[in-house]
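Residue numbers (our numbering), protein chains in the order written: chain A, 130 to 241; chain B, 130 to 241. Where a beta carbon is used, it is the ideal one built from N, C-alpha and C, also for glycine. All figures in this text were calculated on a predicted structure; none of them were measured in a lab. Before any comments, here is the structure.
2 protein chains.
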Amino acid sequence: MEKDLFGICPFVTTQKILTGKWTLIIMHCLSERTIRFNELQRALPTLTSTTLTKQLRMLEEHGLIIRTVYNQIPPKVEYSLSDLGKNFKPVLDELEIWGNQYIDFIRNKKQV
Amino acid sequence: MEKDLFGICPFVTTQKILTGKWTLIIMHCLSERTIRFNELQRALPTLTSTTLTKQLRMLEEHGLIIRTVYNQIPPKVEYSLSDLGKNFKPVLDELEIWGNQYIDFIRNKKQV
DNA sequence: GAGGATACTATCTAATAAGATACTAACAAT
DNA sequence: ATTGTTAGTATCTTATTAGATAGTATCCTC
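Take a look at the structure:
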């Protein structure tokens, strides 16, 4: 993304944060509850641990999610939303509404 | 994006549509008014015509924007939102709010 | 002592996307 | 005849992402 607009324009800035291919569903999952790494993997079976780790790290770096490590064996790591992440909820809600509209739209197009 | 979730999950589906690096600001510009190719270029000076064309074509293919060609010389082509594109406005509004919050957040972080 | 559970990491390859550069068509004005 | 205008296209290179594969540490249970 352009340096000149990142940190200035809210659209360019947000787009940069949402570049990851899975960020929206991850954010959606976390908006429902705190969740463990493994649970996320099971929820998104087509996503490998390599990619999941990368996306989570990126969201953590951007301050949207919090990673909590429990010092036990076998390991336990929980992911939850930060305040900034929680404030993202209205975006997710609107995205869900629009996304479902879009899905209807393409279904109708195919039927004709 | 995964075929298994595209067209089913609203988040995965929307993320796919928003992959373009400039789609959000383009949608924002078009949500304010119908606009010509050249005007968009001037509004986004760091974006080349190659990339702008690609993004516009993609949004058109997905049914979010409408391309109107006026048969005159020099050429005139206008871009505007379809109904589906207009329905995207609430998402943009929430994104703008959150994006500005995020910008404040990183500014404060840097100051500390 | 073998296998399972968890949450990864390292390395590499493949796929996708962005951008640089140069060019085009057609007419109007100078 | 040359220049300007608009909305692109074609080609190529570079950058960014995703994903495949294999492996790690530590303890518990069988």
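Exercise for the section: Along the alpha helix (DSSP H) that carries A/I154, what are the first and last residues, could you check? Expected result: 152-161
Exercise for the section: Would you verify that the beta carbon of B/E225 is, or is not, closer than 9 Å to some beta carbon of chain A? Expected result: yes
Practice task
With 7 Å as the limit, tell me which residues of the region 172-203 of chain B have their beta carbon closer than that to any beta carbon of chain A; keep them in chain order.
Solution key: T175, G192
Handout entry: Cβ of A/F166 within 9 Å of any chain B Cβ
Key = no
Exercise for the section: Answer yes if the region 206-222 of chain A comes into contact with the region 178-195 of chain A, meaning at least three C-beta pairs across the two stretches below 8 Å, and no otherwise. Expected result: yes
Practice task
Could you tell me whether any Cβ in chain B is nearer than 9 Å to the Cβ of A/R162?
Solution key: no
Problem - Residue closest to A/G136, alpha-carbon to alpha-carbon, out of B/N237, B/N167, B/I232 - result: B/I232
Problem - For B/K205: DSSP bridge partner residues - result: B/Y199
Handout entry: Contact check, B/Q201 vs B/K150, beta carbons under 9 Å
Key = no
Exercise for the section: Would you verify that the beta carbon of B/Q230 is, or is not, closer than 9 Å to some beta carbon of chain A? Expected result: yes
Exercise for the section: Could you tell me which residues DSSP pairs with B/R165 in its beta bridges? Expected result: B/E207
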